[in-house]
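Residue numbers for the sequence shown, in the working numbering: 11 to 125.
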Amino acid sequence: QVQLVESGGGLVQPGGSLRLSCAASGIIFSFNVMGWYRQTPGKERELVASISRGGSTYGADSVKDRFTISRDYANNRMYLQMNSLKPEDTAVYYCNLDISGVQYWGKGTLVTVSS
Numbered sequence: 011q012v013q014l015v016e017s018g019g020g021l022v023q024p025g026g027s028l029r030l031s032c033a034a035s036g037i038i039f040s041f042n043v044m045g046w047y048r049q050t051p052g053k054e055r056e057l058v059a060s061i062s063r064g065g066s067t068y069g070a071d072s073v074k075d076r077f078t079i080s081r082d083y084a085n086n087r088m089y090l091q092m093n094s095l096k097p098e099d100t101a102v103y104y105c106n107l108d109i110s111g112v113q114y115w116g117k118g119t120l121v122t123v124s125s
């Protein structure tokens, strides 16, 4: 059974930084893509960044040059380093894992950017 647990969210002032972590357990060695999504009330969940099994990364235009995705195979973790945070980055951030087309989700961690 695959489980994903996010951590690292919280309240931060504009211009600040946070590092989100996703701890994965279960059968994950065959994952295709891992990613971070975010969602605000009344809006659809959107892809923020992703990283392939081979290490190729993708970042949405809205976060490029500010957010960095990385993964630690040895410890089954994925990270999202978020710098220069803006109020519009406020959302619940979700960890996503794709294993041969099957999607797995964490429960999310809330990031609030406010002064």
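Even for Gly, the Cβ is constructed at its ideal location relative to N, Cα and C.
Only a predicted model underlies this, so the values are computations on that prediction, with no experimental measurement involved.
Shown here, Glu16 sits in a strand according to DSSP, grouped into three states. Remark: C-beta atoms of Ser17 and Thr119 approach each other more closely than 8 Å.
DSSP places Asp108 within a strand segment (E or B) once states are collapsed to three.
Looking from the CA of Ser35, the closest CA among Lys53, Val15, Glu54, Tyr47 belongs to Val15.
Between Val43 and Ser31 a beta carbon distance of about 18 Å is seen, past the 8 Å cut, so the two are scored as non-contacting.
Collapsing the DSSP output to three states places Glu54 in coil. Residue environment: Leu90 is assigned as buried (16 or more neighbouring CB atoms within 10 Å of its CB, all protein chains considered).
Around Tyr68, the same chain offers Ala59, Ser60 as residues with beta carbons nearer than 7 Å, after the five sequence neighbours per side are excluded. Separation of Pro97 and Lys117 (C-alpha to C-alpha, rounded to the nearest whole angstrom) is 22 Å. Taking C-beta atoms as the reference points, Val102 and Arg29 fail to come closer than 8 Å. Arg48 is bridged by DSSP to Glu56, Tyr103.
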